[in-house]
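Per our numbering, residue 0 is the first one in the sequence shown, and the count goes up by one each step.
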Amino acid sequence: MRILIVLAHPEKKSFNAHLAEITRQSWMERGHEVTVLDLYTEDFDPREGSWHYEHRQDADKFDPMQEQRHHWQRQQLPPTTQRHINLLLQADALILHFPFWWFGAPAILKGWMDRVFVYGGLYQSSKRHQNGVMRGKRALLVSTAGASAQACAPNGRDGDMRLLLWPVMYSLHYIGFEVLEPHLIHGVRGGLFADQAEQQRDELKRAVGDYQAKIQQWGDWPLVSFNRDEDFTESQVLKPQAPVHSPFVRHCES
Ligand SMILES: Cc1cc2nc3c(=O)[nH]c(=O)nc-3n(C[C@H](O)[C@H](O)[C@H](O)COP(=O)(O)O)c2cc1C
């Protein structure tokens, strides 16, 4: 298999970078082809903007979607965007490694999606969800939070971390990926002293071991369920008997 790892962390000695390395080694040892896209090392510009587009369809007003499609169709996308798209198209699996920042993904990862998941190329109305360009490929989110597992639980103070990552998971599904249940590690933070620091070291060592074991069982990894296109009416409303997979898409009274 071809594995694409995307790392969104500014520090090479971080826990997230360590996890990304664990992922790389784990797949390499089993004879797979692995590419690591380290967004900070590449100095990836997460801002979608007119300056990326040299052959504008409309030089007067910048419309990101239209320019993305125009440049895709003419094979004139910015070289970085095109290279990242090629890596996505070649990969069988995508694994995103990132810390949980302000209840979501770091800006560099959000911006990567803004710029790389181009309209007309990676999605359009006839190519999305189960008919998406990335169908048949799998994607996994591996993320760490400073807060405890209890605080990040559905009834926890900070809210359900899995659901807070739903927009990232749904975006991957939108372009066709099968999305695996995210692997979340909690209580990852610096600034601890003596006993607490030692306890955290032990906990994180255990967490790495658990992750290493789990990634060996890739084929058994549970999938996130999303609604299928047939679950919606022509006006894109959930049909009365359709299943519900998240509080973001639910049945309403009227
Ligand atoms: C800008 C920023 C925002 C953060 N927001 C959150 C947050 O919303 N929830 C949380 O639990 N931890 C938050 N944290 C803590 C990070 O999740 C934590 O530092 C990280 O997971 C540790 O992994 P690392 O060692 O790889 O950086 C935040 C940290 C930073 C720097």
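We treat Cβ as the ideally placed atom computed from N, Cα and C, and that holds for glycine.
Here I214 is near S25, since their CB atoms are less than 8 Å apart.
The count of Cβ pairs closer than 8 Å, one atom from the region 113-121 and one from the region 68-75, reaches three, so the stretches are in contact. Listed in chain order, the alpha helix (DSSP H) elements of length 4 or more contained wholly in the region 104-159 are 106-115. DSSP, reduced to helix, strand and coil, places D228 within a helical segment of the structure shown. If you check the C-beta of R188 against ligand 1, you find a heavy atom less than 7 Å away. Between the region 239-246 and the region 45-63 there are fewer than three inter-stretch CB-CB distances shorter than 8 Å, so the stretches are not counted as touching. Around the Cβ of N85, a 10 Å sphere holds fewer than 16 other Cβ atoms; the residue is exposed.
At least one heavy atom of ligand 1 falls within 7 Å of the beta-carbon of A144. Within the DSSP bridge table, the entry for E32 names R1 as partners. By the Cβ rule, the region 142-149 counts as touching the region 184-196, because three or more pairs are nearer than 8 Å. M0 and T80 have their C-alpha atoms roughly 23 Å apart.
The C-alpha of T232 is placed about 44 Å away from the C-alpha of V207.
Counting only runs of 3+ residues, the beta strand (DSSP E) found wholly inside the region 173-222 occupies 182-184, in chain order. Per DSSP, H51 has no beta-bridge partner at all. In this structure, H96 sits near L6, with a CB-CB distance shorter than 8 Å. Under the 10 Å beta carbon count, T22 is surrounded by 16 or more other beta carbons and is classified as buried. Under the three-state reduction of DSSP, L87 is assigned to helix.
Boundaries of the beta strand (DSSP E) around H96: A92 to P98. The C-beta of M160 has 16 or more other C-beta atoms within 10 Å across all chains shown, which makes the residue buried. Non-local beta-carbon contacts of H51 in its own chain, meaning distances under 6 Å to residues more than five positions away in sequence, involve P77 in chain order. For N15, the shortest C-beta to heavy atom distance toward ligand 1 is below 7 Å. Between the C-alpha atoms of L140 and K11 there is a straight-line separation of about 19 Å. Non-local C-beta neighbours of P98 in its own chain, meaning closer than 7 Å and more than five positions away in sequence, comprise H8, N15, P105, S142 and T143, ordered along the chain.
In the DSSP annotation of this structure, the continuous segment of the alpha helix (DSSP H) that includes W71 starts and ends at P63 to Q72. Note on F43: 16 or more other CB atoms within 10 angstroms of its CB, so buried under the neighbour-count rule.
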